[in-house]
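Chemist:
Number of protein chains: 2
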Amino acid sequence: MSSLRGLQQPELSKKLYKLIKTENHAIGAFESAGRETRSIATQLSEWGESTEDDAVSEVSDKLAVLLAEIADQEDLFAQNLEDSRGVLKQIRNTESSVQPSRNQKAKIHDEIQKLKYKEPESTKLPILEQELVRAEAQSLVAEAQLTNITRQKFKEAYDIHTAAIIERAEKQLILATQARHMLNLLDDTPVVPGEEKQPFQNASQAQTILNDAETTLRGWQPALDPIHTSAGKLGANAMPGSGETLDSPSSQTMTTAQQRVEDRERSQEEGRDGAVQPAYTTTAESTAPHSA
Amino acid sequence: MSSLRGLQQPELSKKLYKLIKTENHAIGAFESAGRETRSIATQLSEWGESTEDDAVSEVSDKLAVLLAEIADQEDLFAQNLEDSRGVLKQIRNTESSVQPSRNQKAKIHDEIQKLKYKEPESTKLPILEQELVRAEAQSLVAEAQLTNITRQKFKEAYDIHTAAIIERAEKQLILATQARHMLNLLDDTPVVPGEEKQPFQNASQAQTILNDAETTLRGWQPALDPIHTSAGKLGANAMPGSGETLDSPSSQTMTTAQQRVEDRERSQEEGRDGAVQPAYTTTAESTAPHSA
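Taken in order, these protein sequences are the chains called H and G. With the numbering used here, letter number 131 in the first sequence gets 131, and the count goes up by one each step, no holes. Count along the second sequence starting at 1, add 1000, and that's the number in the numbering used here.
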């Protein structure tokens, strides 16, 4: 057991609390992977230079540039997972806040049972029965809010999570493919002793490959299957029909993490021309599937 | 400084020694990422069950299956990086073995210079001059061997490394895309208090999505741009023209790691019908570029 804090969580939010903690470990692992991959890139370039073989030096240096970009994508992936984790926290917070109303209902119910057994004629009984009806009404609302928040935010969290996997995969595919073109610029035809090393012939091709990788990466746009949501009808009170939505600035369930996702998406979209397909659309919008 | 072993490495192999060590840290990070992602999958399924919401329970459980597969791909990636690292070790071993011949040449050269200054008429001088010629000849061979091994194995190591990135990316794209289809099976239309929870309607669709993911994943085949090598002409002595190649069983430069890559590839290829495009081809073979 690494912390006592999990034990202090209400029963209702314990499982999600644990999941959110594990997400944090996973994010740490991807951050570490990004950091180590960036070190590998630097060390590869330094090693290549030390070989005093012009061809190995040039190809390893340019390959290192692509590897460093691949490392950056691991970092971005970790950041996106952090955003997804922020949305899961919103479910956990709702779970925690619903627990008291469950407890309250159970407590009044128990009191009534005890009193009925000990003092069946007590004047307290009708008062408690009234309290139970109020507690049950409150609990019905709380459970509906929990269901609504859970479904909406669960979809939202894994929309971000899966979009992050797809973004890393597509960008690393671009980079790794160009890295293979780079490797092919190195001629490994064996040399004989005393044969003079030729200067590297393919420097301009190597630069073209780097430029191509950069251009393709910069032009990358998400082309995700949209995740449909009907939760736009969800009011700030986590109940249907309200005009004010959860995403209004007054709402406290909107975390900084989710705000950051939207800010990032917005700033990315502003940087691009042409239509950008939003990752999160309402049911009314496009349903055209996108093949893998 | 985490170990003194790096300091004991010959000067020539110090940089690559460091790179190989960092590769080990990166592999550890990806293994950890795989492990944590697998925990997340289990905890997600358990949390979903605890919500007592049939739809959330079913969708989270099936999503967890896809997440566990995504975790497996992180593990496989780490294994493939380990194979690539094994090939880099072959360069490092050659670097280490070339160092003494460099040292020997420098030592004789120094002795001659000292003697010429102190005892220009010494009878030792002509003997040392003869030794120097022999040492230079040995060194020329050693340097040619080093160049040949370095170029060949550098390409081979990053062939495996980049192929591993591409394999992880393509397979995780399949899985994350199906995960998004899975998420869309969860209706998040808000419920009102007291509204009875409906049983999950899309169980069979959820199973179809899982089956589709499994089928597509099983049918996945590498379609890599081949990395061309002319090193097939490299003999077991790391010099051109010999009939016996480095990859013959008698060669000691063939590590278990590399053997494992080939074994794995072979067993994969045997499991498939139809033509399989090898990742590593000779120059004479196809040069058709494969677009990213």
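Even for Gly, the Cβ is constructed at its ideal location relative to N, Cα and C.
Return no unless some Cβ of chain G is closer than 8 Å to the Cβ of Glu36 of chain H.
Modeler: Here residue 36 of chain H refers to the residue found at position 36 when the first sequence is read from its first residue. Yes - at least one Cβ of chain G is within 8 Å of the one on Glu36 of chain H.
Chemist: Please list the residues of the stretch 1175-1186 of chain G that have a C-beta atom closer than 7 Å to any C-beta atom in chain H, keeping them in chain order.
Modeler: From the stretch 1175-1186 of chain G, only Ala1176, Thr1177, Ala1179, Arg1180, His1181, Leu1183, Asn1184, Leu1186 have a Cβ closer than 7 Å to chain H.
Chemist: Are the stretch 1092-1107 of chain G and the stretch 1203-1215 of chain G touching by the rule of at least three beta carbon pairs closer than 8 Å?
Modeler: Taking 8 Å as the limit for Cβ pairs, the verdict is that the stretch 1203-1215 of chain G does not touch the stretch 1092-1107 of chain G.
Chemist: Applying the 10 Å Cβ sphere with the 16-neighbour rule, what's the burial state of Gly219 of chain H?
Modeler: Counting from 1 along the first sequence, the entry for residue 219 of chain H is found at position 219. Exposed, since its Cβ has fewer than 16 Cβ neighbours within 10 Å.
Chemist: Looking only at C-alpha atoms, which of G:Pro1120, G:Glu1074, G:His1025, G:Gln1113 sits nearest to Leu1132 of chain G?
Modeler: To locate residue 1132 of chain G, count along the second sequence from 1; it is residue 132. Here the closest residue by C-alpha is G:Gln1113.
Chemist: Residue ranges of each alpha helix (DSSP H) run of no fewer than 4 residues wholly in the stretch 1003-1067 of chain G, ordered along the chain?
Modeler: Whole alpha helix (DSSP H) segments, 4+ residues: 1005-1008, 1014-1050.
Chemist: Going by DSSP, name the residue or residues bridged to Thr215 of chain H.
Modeler: Locating residue 215 of chain H in the first sequence gives position 215, counting from the first residue. Looking at the DSSP assignment, Thr215 of chain H forms no beta bridge with any residue, so it has no partner.
Chemist: What's the gap between the Cα of Leu1019 of chain G and the Cα of His181 of chain H?
Modeler: Translated into positions along the second sequence, residue 1019 of chain G becomes position 19. Translated into positions along the first sequence, residue 181 of chain H becomes position 181. The alpha-carbon atoms of Leu1019 of chain G and His181 of chain H are separated by roughly 22 Å.
Chemist: Could you name the residues of the same chain whose beta carbon sits closer than 7 Å to that of Leu146 of chain H, not counting the 5 residues immediately before and after it, in chain order?
Modeler: Translated into the one-based positions of the first sequence, residue 146 of chain H becomes position 146. Excluding residues within five positions, the ones whose Cβ falls inside 7 Å are Thr94, Glu95, Val98.
Chemist: Taking 8 Å as the cut-off, decide whether the C-beta atoms of Leu210 of chain H and Asp1159 of chain G are in contact.
Modeler: Here residue 210 of chain H refers to the residue found at position 210 of the first sequence. Here residue 1159 of chain G refers to the residue found at position 159 of the second sequence. No, they are not a contact pair.
Chemist: Buried or exposed for Gly86 of chain H, going by 16 or more other Cβ atoms inside 10 Å?
Modeler: Working through the first sequence from its first residue, we reach residue 86 of chain H at position 86. It counts as buried.
Chemist: Output, in chain order, the set of chain G residues within a Cβ distance shorter than 9 Å of Lys233 of chain H.
Modeler: Position 233 of the first sequence, counting from 1, holds the residue named residue 233 of chain H. Correct list: Thr1189, Pro1190.
Chemist: Compute the Euclidean distance between the alpha carbons of Asp53 of chain H and Leu186 of chain H, then round it to the nearest angstrom.
Modeler: By 1-based counting over the first sequence, the position of residue 53 of chain H is 53. By 1-based counting over the first sequence, the position of residue 186 of chain H is 186. Asp53 of chain H and Leu186 of chain H: Cα-Cα distance of roughly 11 Å.
Chemist: Does the distance from the C-beta atom of Gly1034 of chain G to that of Ala1071 of chain G stay below 8 Å?
Modeler: Taking the second sequence and counting its residues from 1, one reaches residue 1034 of chain G at position 34. Taking the second sequence and counting its residues from 1, one reaches residue 1071 of chain G at position 71. Their beta carbons are under 8 Å apart, which means Gly1034 of chain G touches Ala1071 of chain G by this criterion.
Chemist: I'd like to know whether the C-beta of Gln1172 of chain G is nearer than 8 Å to at least one C-beta of chain H.
Modeler: Your numbering for residue 1172 of chain G matches position 172 in the second sequence. Yes, because at least one Cβ of chain H sits closer than 8 Å to the Cβ of Gln1172 of chain G.
Chemist: Where do the N-terminal and C-terminal ends of the alpha helix (DSSP H) with Thr150 of chain H fall, by residue?
Modeler: Within the first sequence, the letter at position 150 stands for residue 150 of chain H. Run containing Thr150 of chain H: 124-183, per the alpha helix (DSSP H) assignment.
Chemist: Tell me the rounded alpha-carbon separation between Ala1157 of chain G and Ala29 of chain H.
Modeler: Counting from one through the second sequence, the residue named residue 1157 of chain G turns up at place 157. Counting from one through the first sequence, the residue named residue 29 of chain H turns up at place 29. Ala1157 of chain G and Ala29 of chain H: Cα-Cα distance of roughly 24 Å.
Chemist: Which whole-angstrom value describes the C-beta separation of Leu173 of chain H and Glu69 of chain H, a residue pair presumed to lie in contact below a C-beta threshold of 8 Å?
Modeler: For the purposes of this step, residue 173 of chain H is identified with residue 173 of the first sequence, where counting begins at 1. For the purposes of this step, residue 69 of chain H is identified with residue 69 of the first sequence, where counting begins at 1. About 12 Å; that fails the 8 Å criterion.
Chemist: May I ask you to list, following chain order, the residues of the stretch 120-154 of chain H that have a beta carbon less than 7 Å from some beta carbon of chain G?
Modeler: Hits within the stretch, in order: Leu140, Val141, Ala144, Thr147, Asn148, Thr150, Arg151, Gln152, Phe154.
Chemist: Leaving out five residues before and five after Ala55 of chain H in sequence, what residues of the same chain have Cβ atoms less than 6 Å from its Cβ?
Modeler: To locate residue 55 of chain H, count along the first sequence from 1; it is residue 55. Around Ala55 of chain H: Leu186, Phe200.
Chemist: Tell me which same chain residues have a C-beta within less than 8 Å of the C-beta of His109 of chain H, skipping the five on either side of it?
Modeler: Numbered from its first residue, the first sequence carries residue 109 of chain H at position 109. Result list for His109 of chain H: Leu132, in chain order.
Chemist: Of all the residues that make up the stretch 1016-1044 of chain G, which are near chain H by a beta-carbon distance shorter than 7 Å?
Modeler: The stretch 1016-1044 of chain G vs chain H, Cβ under 7 Å: Leu1016, Lys1018, Leu1019, Thr1022, Glu1023, His1025, Ala1026, Ala1029, Phe1030, Ser1032, Ala1033, Glu1036, Thr1037, Ser1039, Ile1040, Gln1043, Leu1044.
Chemist: With DSSP run on the structure shown, which of helix, strand or coil describes Gly235 of chain H?
Modeler: The residue labelled residue 235 of chain H in the question sits at position 235 within the first sequence. Of the three classes helix, strand and coil, the one that applies to Gly235 of chain H here is strand, per DSSP.
Chemist: Using DSSP with H/G/I as helix, E/B as strand and the rest coil, what is Asn199 of chain H?
Modeler: The count along the first sequence starts at 1 and reaches residue 199 of chain H at position 199. The question names Asn, but residue 199 of chain H in the sequence shown is Pro. Three-state result, Pro199 of chain H: coil.
Chemist: For Thr1312 of chain G, which three-state DSSP category applies?
Modeler: Outside the modelled stretch of chain G, which goes from 1001 to 1292, sits residue 1312 of chain G, for which no answer is possible.
Chemist: Kindly indicate which three-state DSSP category Pro240 of chain H falls into: helix, strand or coil?
Modeler: In the first sequence, the residue the question calls residue 240 of chain H occupies position 240. Strand at Pro240 of chain H.
Chemist: Mind checking whether Ile1091 of chain G and Ile1149 of chain G have CB atoms under 8 Å apart?
Modeler: Numbered from its first residue, the second sequence carries residue 1091 of chain G at position 91. Numbered from its first residue, the second sequence carries residue 1149 of chain G at position 149. Yes, the Cβ-Cβ distance between Ile1091 of chain G and Ile1149 of chain G is below 8 Å.
Chemist: Classify Arg1151 of chain G as buried or exposed, calling it buried when 16 or more other Cβ atoms lie within 10 Å of its own Cβ.
Modeler: Mapped onto the second sequence, residue 1151 of chain G falls at position 151. Looking at its Cβ environment, which holds 16 or more other Cβ atoms inside 10 Å, Arg1151 of chain G is buried.
Chemist: Pull up the distance between the alpha-carbon of Lys1193 of chain G and that of Arg102 of chain H, whole angstroms please.
Modeler: Looking up residue 1193 of chain G in the second sequence gives position 193. Looking up residue 102 of chain H in the first sequence gives position 102. It should be noted that the sequence gives Pro, not Lys, for residue 1193 of chain G. Those two C-alpha atoms are separated by around 14 Å.
Chemist: Compare the C-alpha of Gly1235 of chain G against each of G:Ala1144, G:Glu1170, G:Lys1155, G:Lys1197 and name the closest.
Modeler: For the purposes of this step, residue 1235 of chain G is identified with residue 235 of the second sequence, where counting begins at 1. Nearest of G:Ala1144, G:Glu1170, G:Lys1155, G:Lys1197 to Gly1235 of chain G, Cα basis: G:Ala1144.
Chemist: Under the assumption that Lys1155 of chain G contacts Ile1227 of chain G (Cβ atoms under 8 Å), give the Cβ distance between them as a whole number of angstroms.
Modeler: On the second sequence, position 155 is the one that residue 1155 of chain G refers to. On the second sequence, position 227 is the one that residue 1227 of chain G refers to. 6 Å between Cβ atoms; contact.
Chemist: Return yes when the Cβ of Ala1164 of chain G is within less than 8 Å of the Cβ of Ser1084 of chain G, no when it is not.
Modeler: Within the second sequence, the letter at position 84 stands for residue 1084 of chain G. Within the second sequence, the letter at position 164 stands for residue 1164 of chain G. Yes; because the gap between Cβ atoms is below 8 Å, this pair is in contact.
Chemist: So, is Tyr1017 of chain G buried or exposed, given that buried needs 16 or more other C-beta atoms within 10 angstroms?
Modeler: Within the second sequence, the letter at position 17 stands for residue 1017 of chain G. Flag for Tyr1017 of chain G reads buried.
Chemist: Quick one: list the residues of chain H neighbouring Ile1070 of chain G, beta-carbon separation under 7 Å, in chain order.
Modeler: As a first step, residue 1070 of chain G is located in the second sequence; it is residue number 70 there, counting from the start. In chain order: Ile165.
Chemist: Can you find a C-beta in chain G that's less than 8 Å from the C-beta of Gln9 of chain H?
Modeler: For the purposes of this step, residue 9 of chain H is identified with residue 9 of the first sequence, where counting begins at 1. Cβ-Cβ to chain G under 8 Å: no for Gln9 of chain H.
Chemist: Quick check on Leu224 of chain H - is its C-beta less than 8 Å from some C-beta in chain G?
Modeler: In the first sequence, the residue the question calls residue 224 of chain H occupies position 224. Output row for Leu224 of chain H: interface = yes.
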